[in-house]
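Here the sequence shown is numbered in numbering that gives the first Met the number 0, starting from 0 and rising by one per residue. First up is the structure itself, then whatever we jot down about it.
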Amino acid sequence: MTNKIRTRIAPSPTGFLHLGTARTALYSWAFARHFGGEFVLRIEDTDVARSTQDSVDQILQSMRWLGLDYDEGPIYQMQRLDRYKEVLDLLIAQGKAYYCYSSPEELDAVREAKKARGEKALYDGRWRPAPGKNLPAIPDGVKPVIRFCNPPDGEVTWDDLVKGPITISNREIDDLIIARTDGIPTYNFAVVVDDWDMRISHVFRGDEHINNTPWQINIFNALGAPLPQFGHCPVILGDDGQKLSKRRGAVSVTAYEEGGYLPEAMLNYLARLGWSHGDEELFNREQLVDWFDGTHLNKSPAQWDPVKLLWVNAQYIKQADNMRLAGLVAQQLTKLGIGLESSLVESHLPQVCALFKDRCDTTVALAQWAAKFYGDVSPNATEAAQHLTAEVRPTLALLAGKLTGCDWTRAAIATVIKEVLATTGLKMPQLAMPVRVLVLGTAQTPSLDLVLELCGREKVLARLNSI
Ligand code: GLU
């Protein structure tokens with residue numbers, strides 16, 4: 000390829016960064032990085048009524064979190080209105096666009112009439128200039144929209160990077176509105192001017208835009224602008240087979256950040272959802288960039304699988320550095336109302352993370368374990384009934400007594416436990432289960448001596464003596 004590879008992601012700031020958009024961003028980013036190209040972030044904020052700064056902030060935060068660094072941007076469309084106006088004026092001067100004064104009521108009537116005749120409800124072209132044609136009189140006080148002179152005949156064809164060749168007849172589409180009455184351009188026009196000006200070579204986006212692409216190609220051609228290549232990725236489906244939507248669970252990147260997922264797990268899972276490299280399920284950012292060349296993208300919709308995502312996340316949590324996990328778990332603990340001093344976060348919490356990370360699939364789950372070391376513990380009722388029997392209570396008292404005076408090291412604690420077992424003739428589980436239930440609230444914990452050492456003498460004694 001001779002021209003520089005330049006890709007972009009162009010989210011509309013009318014909400015958080017949707018998982019589908021995040022995946023397209025990821026593909027665009029990886030494609031640019033793979034070919035040593037550039038990746039641009041453009042904020043499509045022309046829907047003034049629905050765009051918010053809060054959404055922009057969330058989108059930027061999600062991009063940062065996923066590590067999708069961009070070489071240019073964020074570029075805001077609302078700061079480019081002069082440029083759109085310049086191109087609109089040019090198209091009008093060249094007879095490739097025109098003012099349309101039809102009222103919404105008039106357009107509705109045209110549509111209804113066409114439908115009644117069994118025709119497609121397209122604009123009837125009444126304001127489209129043509130040699131020898133008399134246009135209607137311009138009504139007073141009506142602000143016009145601008146429409147694009149779409150070619151009336153012929154076909155638009157492109158070889159989609161994901162879906163293969165696609166052809167749509169120009170008879171299926173009409174003279175699209177490219178600027179509203181307030182002069183603000185519509186999506187299909189602004190996107191073309193931007194992709195042209197920003198020298199975008201490859202456009203990856205969701206396949207809900209396939210119907211827009213013929214218009215965009217016609218506008219590119221009218222402007223004499225080079226065409227990018229298009230790749231339309233299929234939607235992501237929920238586990239019920241319906242389009243993934245808010246009603247069916249978390250669809251924002253932010254929700255997963257807050258839900259205790261690691262960004263590298265999310266990146267891995269999102270990339271794999273709709274793309275593959277052999278049988279590889281786990282790969283890091285560098286491997287993705289190495290492998291992602293725009294091929295092997297699935298043509299059919301992918302299904303969001305929360306269980307698989309949890310599994311992927313668990314693999315990354317196992318490998319994660321304990322200091323890093325401690326920082327993330329500390330944030331989750333704050334949400335549980337447990338604020339830790341930084342000395343604990345730096346020295347103690349990493350040990351808790353090391354001990355429990357193998358059994359956790361999110362940092363939220365890890366924080367729930369950690370909370371038992373810093374907050375209150377209430378024993379699981381069923382397990383308490385099963386394990387905290389009258390017979391074992393004297394043994395628990397004996398253990399508490401011996402733990403009062405011993406060194407507070409794993410080895411010394413293990414020796415005390417052995418002594419108690421020897422004195423009472425109990426088997427390890429008969430002692431370990433009730434102690435775990437009392438100290439951590441549940442009978443399923445890692446090695447008892449380690450848990451007790453980490454919990455600290457004061458808490459262990461208080462909890463053993465609480466019955
Ligand atoms: N703002 C559009 C969207 O979020 C961008 C589509 C495109 O990439 O062209 O769907």
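Backbone N, C-alpha and C define an ideal beta-carbon position, used for all residues, glycine too. Quick caveat, the model's predicted, so the values are computed rather than measured.
| Item | Value |
| --- | --- |
| Given V288 as reference, the closest of V250, L16, D448, S27 once Cα atoms are compared | S27 |
| Residues bridged to C99 (per DSSP) | V144 |
| C-alpha distance - M427 paired with L365, whole-angstrom precision | 26 Å |
| L65 to A270 span [Cα, whole Å] | 12 Å |
| Pick from N210, K132, H295 that is closest to S168, judged by C-alpha positions | N210 |
| Per-residue burial, M0 [other beta carbons within 10 Å of its own, 16 or more giving buried] | Below a pLDDT of 50, predicted positions are generally treated as unreliable, and M0, at 45, falls in that range; no measurement from the model is reported. |
| Delimiting residues of the beta strand (DSSP E) encompassing T166 | 163-168 |
| Identity of the residue in T166, V109, R82, L160 nearest R152 by Cα | Checking the sequence shown, residue 152 turns out to be Asp, not Arg. Among T166, V109, R82, L160, the Cα nearest to that of D152 belongs to T166. |
| Ranges of the alpha helix (DSSP H) found wholly within the region 100-134, counting only runs of at least 4 | 103-115 |
| Where the alpha helix (DSSP H) through V434 begins and ends | 427-439 |
| Beta-carbon gap between Y373 and I337 smaller than 7 Å | yes |
| Boundaries (first-last residue) of the beta strand (DSSP E) holding T6 | 5-8 |
| First through last residue of the alpha helix (DSSP H) which encompasses Y373 | 362-373 |
| Proximity below 7 Å, CB of A369 to CB of V328 | yes |
| V190: CB within 6 Å of a non-hydrogen atom of the ligand GLU | yes |
| Check whether V161 and G230 have beta carbons under 7 Å apart | yes |
| Buried versus exposed, by CB contacts within 10 Å (16 or more), S446 | exposed |
| Secondary structure of V250, DSSP reduced to three states | coil |
| Cβ neighbours of A325 in the same chain (closer than 7 Å, five flanking residues each side left out) | V344, L348, P349, C352 |
| W195 vs L243 beta-carbon contact at 7 Å | no |
| Endpoints, alpha helix (DSSP H) assigned at C232 | Counting along the chain, C232 falls outside any alpha helix (DSSP H), though it belongs to the beta strand (DSSP E) covering 228-232. |
| Assigned exposure category for E118 - 16 Cβ within 10 Å defines buried | exposed |
| Exposed unless 16 or more other CB atoms sit within 10 angstroms - verdict on P433 | buried |
| Terminal residues of the alpha helix (DSSP H) in which F203 lies | Here F203 belongs to no alpha helix (DSSP H); instead the beta strand (DSSP E) covers 201-205. |
| Extent of the continuous alpha helix (DSSP H) to which D56 belongs | 52-65 |
| C-beta contact flag for P10 and Y83 at 7 Å | no |
| Proximity to L18 [Cα-Cα], best of T294, E256, W214 | E256 |
| Selection from L395, F188, T444 that minimises the alpha carbon distance to Q367 | T444 |
| A442 classed as buried or exposed, judged by whether at least 16 other C-beta atoms fall within 10 angstroms | buried |
| Contact test: S200 Cβ vs the ligand GLU heavy atom, cutoff 6 Å | no |
| Sequence-distant residues of the same chain with beta carbon closer than 8 Å to I249, five excluded per side | According to the sequence provided, residue 249 is Ala. The question's Ile does not apply to it. Around A249: Y255, G258. |
| Boundaries (first-last residue) of the beta strand (DSSP E) holding W157 | 154-159 |
| Local conformation of H17 per DSSP, three classes | strand |
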